[in-house]
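Some notes on the structure that comes next.
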Amino acid sequence: MSTLALILAVSPLVIAVYAYAAYPLLLLLIGRRPQHRLSSAEPLVTVVVPAYNEEGQIRGAIEALLAQDYPAQRRQVLILSDGSTDRTDDIVREYASQGIELLRMPVRGGKTAAENASVAHIRGDVVVNTDASIRMHPGAVKRLVQAFADPTVGVASSRDVSVLAANTHANAAESGYVGYEMWVRSLETRVGGIVGGIVGASGSGYAIRAELHRIPVRADLSRDFSAALTARKHGYRAVSVSDAVCFVPRTATLRSEYRRKVRTISRGMETLLFNRRLLDPLNYGLFSWQLISHKVCRWLVPLALIPSAVGLSLLARDHIWAVVVVGIGLLGLGVAAIGSMWPTDKPMPRALSLVTFGVAANVAVIHAAWRVIHGHEDHLWEPTRRPLGTAEQPRSST
């Protein structure tokens, strides 16, 4: 019994060390520095921006797209209004003379459903997907398109940079996690050949070959996660483009970040379940290993905390170290509870932010798994409401 209890107790630590440390190290060892193929070709590009009641954000998003270093005559910008009830549509129409197109969904059906409906209106050979709250660096579209000079690339994903919105005190831990995630994607991109590449594209900004974008995605699934999986199933790979930068405002509060994580992880789990045959290493080899390591193992860490708590409780009867670990865990939960109630108008101490963010991220996975197992009715996409305006951004994308 003590052996089983010990295994249960240490399982989250073992999985976490593998997923967050050993996996990147293995990628670093087996990968190689990618040889970028630069191309002067400027294919027709369609930029798709889903929007639901984004009157406060859509103008800034359009202005950022009009400022892209890409020929206007080779660019189609299509705003998908998902049944918006505010001034989103009117603002988009103001830019009609500048080539901005509005496609309005008469009934709100969610982001993926709107993207599926937009397929008939897309003229580009490459489709760039982004969101209304994101600000793309002026060179981002060109950098993403250049990735397709490599015929094995089916999806090119941006490098997200977390920025603090003006006059807000958003959590600092989010920025560190985004930076880590981008680093791992850069390592996955280094894995050469068709078998490698990233296992999920960034919802903030990614480009995809039009023939892959036209493949319908079930409305309750995540299209950005599906993009990399679809590419692999059709003989392409997905890559991260480090100099294609998208500036992502941090969510205003840890509460809103928690709700966002639960929604995105739920959709991610459902998307992977739908594409579960990609987990078969006999057919998909290295990509299956990457998918299991990057996604499944990360989700298993917090799920393993539940049996770990049972194991520690059993061990605590005879081992003082188990009592100490249980005490540290309870202290962490208490600190996170304080962080969750922290006033939104006051800056949160960094240590408190780190603990609260870490606990919330793990609880969000458990919450998301519960929703997937027991079912939930809110499959409809709810855009993340990020603060308006961003702090000063880096001057270059490198």
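With the first letter of the sequence shown counted as 1, position 169 gets the number 202 in this note's numbering; the numbers rise by one all the way through.
Glycine residues also receive a C-beta, built at the ideal position from the N, C-alpha and C atoms.
Distance between residue 405 and residue 104, taken at the CA atoms: about 44 angstroms. Counting C-beta pairs closer than 8 angstroms gives three or more between the segment 162-174 and the segment 80-94, which meets the contact rule.
Contact between residue 180 and residue 173 fails: their C-beta atoms lie close to 11 angstroms from each other, not under 8 angstroms.
For residue 291, the three-state secondary structure derived from DSSP is helix. As a beta-bridge residue in DSSP terms, residue 169 pairs with 279. When secondary structure is reduced to three states using DSSP, residue 131 falls in the helix class. Taking the Cα of residue 86 as reference, the smallest distance to any Cα among 110, 59 and 118 is reached at 118. Here residue 45 is buried: its Cβ has 16 or more other Cβ atoms, across all protein chains shown, within 10 Å.
A Cβ-Cβ contact shorter than 8 angstroms links residue 365 with residue 388. In the three-state reduction of the DSSP assignment, residue 163 falls in the strand class. Excluding residues up to 5 positions away in sequence, 251 and 254 lie with their Cβ nearer than 7 angstroms to the Cβ of residue 307 in the same chain. Apart from the 5 residues on each side of it in sequence, residue 195 sits with its Cβ closer than 7 angstroms to the Cβ of 207, 208, 211, 281 and 283 in its chain, given in chain order. With fewer than 16 neighbouring CB atoms inside 10 Å of its own CB, residue 35 falls in the exposed class.
In this structure residue 88 is not in contact with residue 112, their Cβ atoms being roughly 12 angstroms apart against a cut-off of 8 angstroms.
Taken through DSSP and simplified to helix, strand or coil, residue 119 comes out as coil. Pairing residue 334 with residue 214, the inter-Cα distance amounts to about 16 angstroms. Counting only runs of at least 4 residues, the segment 74-116 fully encloses the following alpha helix (DSSP H) elements, listed from N- to C-terminal order: 91-99. Spatial neighbours of residue 305 in its own chain (CB-CB distance under 7 angstroms, excluding positions within 5 residues in sequence) are listed in chain order as 328. In the three-state reduction of the DSSP assignment, residue 56 falls in the helix class.
At the C-beta level, residue 64 and residue 224 come within 8 angstroms of one another. Taking all protein chains in view, the Cβ of residue 318 is surrounded by fewer than 16 other Cβ atoms within 10 Å, so the residue is classified as exposed. For residue 151, the uninterrupted alpha helix (DSSP H) run begins and ends at 144-151, by DSSP.
Just so you know, the alpha carbons of residue 218 and residue 379 end up roughly 33 angstroms apart. Sorting 361, 42, 270 and 193 by C-alpha distance to the C-alpha of residue 279 places 193 at the top.
Within the same chain, and ignoring the five residues on either side of residue 220 in sequence, the residues whose Cβ sits closer than 8 angstroms to its Cβ are 57, 60, 61 and 64.
Taking the Cα positions, residue 41 is about 52 angstroms away from residue 157.
Counting of Cβ neighbours within 10 angstroms places residue 127 among the exposed residues, the total staying below 16. Apart from sequence neighbours up to five positions away, the residues of its chain that approach residue 343 with a beta-carbon distance below 8 angstroms are 38 and 41, ordered along the chain.
Beta bridge pairing from DSSP links residue 231 with no other residue. Going by DSSP, residue 317 is part of the alpha helix (DSSP H) stretching over 314-324.
In this structure, residue 398 sits away from residue 369, with a CB-CB distance that is not shorter than 8 angstroms. It is roughly 12 angstroms from the alpha-carbon of residue 183 to the alpha-carbon of residue 242.
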